[in-house]
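Asks: Pasting in a structure now, in structure tokens, and then I'll have a few things to ask.
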Amino acid sequence: MSAKDWSILIGLSILWGGSFFFNEITLTGFSPLTVVWLRVTIAAACLWFLVFAKNITIPKTGTFWWSIILMGLINNAMPFSLIVWGQQEIGSGLASILNATTPLFTVLVAGALLSDERIAPLKILGVLIGLGGVAAMIGPQYLSGLGESVSAQLSILGAALCYAFAGVFGRRFREMQVSPVMTATLQVSMASLWLLPVCIFGGHVQELSTANSSAWLAVAALGTFCTALAYIGYFSLLSSSGATNLSLVTFLVPISAILLGWLFLGEQLKPIHYFGMACIFTGLAAIDGRPFKKLRQRKEKVL
Numbered sequence: 001m002s003a004k005d006w007s008i009l010i011g012l013s014i015l016w017g018g019s020f021f022f023n024e025i026t027l028t029g030f031s032p033l034t035v036v037w038l039r040v041t042i043a044a045a046c047l048w049f050l051v052f053a054k055n056i057t058i059p060k061t062g063t064f065w066w067s068i069i070l071m072g073l074i075n076n077a078m079p080f081s082l083i084v085w086g087q088q089e090i091g092s093g094l095a096s097i098l099n100a101t102t103p104l105f106t107v108l109v110a111g112a113l114l115s116d117e118r119i120a121p122l123k124i125l126g127v128l129i130g131l132g133g134v135a136a137m138i139g140p141q142y143l144s145g146l147g148e149s150v151s152a153q154l155s156i157l158g159a160a161l162c163y164a165f166a167g168v169f170g171r172r173f174r175e176m177q178v179s180p181v182m183t184a185t186l187q188v189s190m191a192s193l194w195l196l197p198v199c200i201f202g203g204h205v206q207e208l209s210t211a212n213s214s215a216w217l218a219v220a221a222l223g224t225f226c227t228a229l230a231y232i233g234y235f236s237l238l239s240s241s242g243a244t245n246l247s248l249v250t251f252l253v254p255i256s257a258i259l260l261g262w263l264f265l266g267e268q269l270k271p272i273h274y275f276g277m278a279c280i281f282t283g284l285a286a287i288d289g290r291p292f293k294k295l296r297q298r299k300e301k302v303l
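Position 69 of the sequence shown, counting from 1, maps to 69 under the numbering used here, and the rest follow consecutively.
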């Protein structure tokens, strides 16, 4: 990946790292389904404003529209609902660890479906090392809850699997030459439409008048920053770097969260955090592959 791609990946890790925190606040005033619907609806409103301000052309091909309708379901409506539902039973720490299985699922799905992202032993090893680093950074104490709330844990793993398929499926938008802003706008708009009937007929609309101000502020941040802004970067990175590299953001989310806590909240960095970071960076290097290729080339020159 280029330096620009890495900067987008780090930016996404910061934005999505905050989503687990904001989810917990929103659940004090809204049901899980309402949180998800408000999140994508607020994001859609922000992005449509940007589309009209920049006069971005709306695609008209049927293939694109069927693709974006499905993308709204598997990349927003389904995984967002599964994560928020799961967080009713398990904490954000364990949810983050389970969500970090996304690269593993992506390597397997991409390897099975894409000719240019074949499964390689080094990639699998890198994913496992990175996943271990995530668990170490967030804290082994969260793993003690693995035997409880199995359905909630399966819902988070289901979300990770959705993200894996979405990353692979979303590669087609690069060939359609649609701008990342337009793709992100229509994806969250489709997700909002998918969820609207369920919210209306499920009696969730009345929550809009009873929710507390903290929940409203949290869901506004979720929609504006963790969704609208994040998905512009998502589709830009997916187009330039592929599904597997994009999925690595879930490894960087814990690093961003812990470093932000250290910078702004005075939280202490412990030896386990440094160990976890080292594991994650080693895993990223293995998945990227270039550092190991350069090392082999140097050895060959010496020989």
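Ideal placement from N, C-alpha and C gives every residue a C-beta, glycine not left out.
Using the C-alpha atoms, what's the distance from ASN245 back to SER149?
Replies: Rounded to the nearest whole angstrom, the CA to CA distance from SER149 to ASN245 is 31 Å.
Asks: Report the start-end ranges of each alpha helix (DSSP H) in the segment 92 to 133 that is 4 residues or longer and not cut off at the edges.
Replies: 92 to 99, 102 to 113
Asks: Would you check if there are 3 or more beta carbon pairs closer than 8 Å linking the segment 97 to 110 to the segment 249 to 262?
Replies: yes
Asks: Taking only the alpha-carbon atoms, compute the straight-line gap between THR183 and ILE83 and give it to the nearest angstrom.
Replies: 23 Å
Asks: Could you round the C-beta distance between LEU12 and TYR234 to whole angstroms and report it? I think they count as a contact, below 8 Å.
Replies: Yes, LEU12 and TYR234 are in contact; Cβ-Cβ is about 7 Å, under 8 Å.
Asks: Could you check which residue in LEU9, ALA166, GLY158, ALA45 has the C-alpha nearest to that of LEU73?
Replies: ALA166
Asks: Name the residue from LEU47, SER189, LYS270, THR210 whose alpha carbon lies nearest to the alpha carbon of VAL36.
Replies: SER189
Asks: For PHE22, which residues in the same chain have their Cβ closer than 7 Å to its Cβ, ignoring the five residues on either side in sequence?
Replies: Around PHE22: ALA218, ALA221, LEU222, CYS226.
Asks: What are the start and end residues of the alpha helix (DSSP H) that includes LEU157?
Replies: 150 to 169
Asks: When the Cα atoms are used, what is the spatial distance from LEU238 to TRP216?
Replies: The alpha-carbon atoms of LEU238 and TRP216 are separated by roughly 31 Å.
Asks: If GLY276 sits next to GLY126, beta carbons under 8 Å apart, how far is it from one beta carbon to the other, in whole angstroms?
Replies: That belief does not hold up - the Cβ atoms of GLY276 and GLY126 are roughly 15 Å apart, past 8 Å.
Asks: One question on the structure: do CYS46 and ALA228 come within less than 8 Å of each other, judged by their Cβ atoms?
Replies: yes
Asks: Here's the rule I'm using: 16 or more other beta-carbon atoms within 10 Å means buried, otherwise exposed. How should SER19 be labelled?
Replies: buried
Asks: What three-state label does DSSP hand PRO197 in the structure shown?
Replies: helix
Asks: According to the neighbour-count rule (16 or more other Cβ atoms, all chains shown, within 10 Å of its Cβ), is GLU117 buried or exposed?
Replies: buried
Asks: Comparing alpha-carbon positions, which option in GLN187, GLY203, CYS279, VAL181 lies nearest PHE52?
Replies: VAL181
Asks: Return the first residue and the last residue of the alpha helix (DSSP H) that GLY62 is part of.
Replies: 62 to 72
Asks: Taking the CB atoms as reference points, tell me whether GLN153 and ILE90 lie closer together than 8 Å.
Replies: yes
Asks: Would PHE105 and ALA160 be called neighbours here (beta carbons separated by less than 8 Å)?
Replies: yes
Asks: ALA278 and LEU122: beta carbons closer than 8 Å?
Replies: no
Asks: Among LEU248, GLN268, TRP262, TYR274, which residue has its Cα nearest to the Cα of TRP16?
Replies: LEU248
Asks: For SER241, report the span of its alpha helix (DSSP H) as first-last.
Replies: 230 to 241
Asks: Helix, strand or coil, according to DSSP, for GLU89 in the structure here?
Replies: GLU89: coil per DSSP, three-state reduction.
Asks: For a quick check, are the C-beta atoms of ILE156 and ALA95 less than 8 Å apart?
Replies: Less than 8 Å divides the Cβ of ILE156 from the Cβ of ALA95.
Asks: Could you pull out every residue in the same chain whose Cβ sits closer than 6 Å to the Cβ of ILE69, ignoring the five residues on either side in sequence?
Replies: MET190
Asks: So which of ILE25, LEU193, ALA243, SER213 has the shortest CA-CA distance to MET78?
Replies: LEU193
Asks: Am I right that THR34 and GLU207 are in contact with their C-beta atoms under 8 Å? What's the rounded C-beta distance?
Replies: 5 Å
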